[in-house]
Amino acid sequence: MIISHVQETEKKNVNHPDASQASMKVLISPNEGWEGHVMRLMELRPGGFTPRHEHPWPHINYMVKGKGTLFMDGKEHPVSAGSYAYVPANKKHQFRNDGSEPFEFICIVPEEGHQ
Numbered sequence: 001m002i003i004s005h006v007q008e009t010e011k012k013n014v015n016h017p018d019a020s021q022a023s024m025k026v027l028i029s030p031n032e033g034w035e036g037h038v039m040r041l042m043e044l045r046p047g048g049f050t051p052r053h054e055h056p057w058p059h060i061n062y063m064v065k066g067k068g069t070l071f072m073d074g075k076e077h078p079v080s081a082g083s084y085a086y087v088p089a090n091k092k093h094q095f096r097n098d099g100s101e102p103f104e105f106i107c108i109v110p111e112e113g114h115q
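Residue numbers (the UniProt record's numbering): 1 to 115.
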């Protein structure tokens, strides 16, 4: 069991050669008792992006703050606070911040997808 606040959670930079201005906070994981899944808060600073990649697990995303683009299936989809998306396994995708403020989104993945 955990009850906390995002401001009390450690932020870690995403150290991937194909990412820029990206960080994450792990909110809930097996360490807190949720076996098999990880819920993360991702932050892309202005101009930031995640790698354009694919992997054998799906993930669920909910946009919390700001605006950006989700590239998926060869198309760019505008997203903003309140948008949500399901990214199926093996679909090439990427998030990008298109605004002048931080773009934040929740990303829930199976445990094997947390890196």
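Where a beta carbon is used, it is the ideal one built from N, C-alpha and C, also for glycine. None of these values were measured; they are calculated from a predicted model.
A straight-line Cα-Cα distance of about 28 Å links Lys25 and Lys75. If you look at Gln21, you'll find it in the beta strand (DSSP E) that goes Ser20 to Ile28. In the three-state reduction of the DSSP assignment, Gln115 falls in the coil class.
In the three-state reduction of the DSSP assignment, Val14 falls in the coil class, being assigned neither a helical nor a strand state. Within its own chain, the residues whose Cβ lies closer than 8 Å to the Cβ of Gly33, once the five positions on either side in sequence are excluded, are Met1 and Ile2, listed in chain order.
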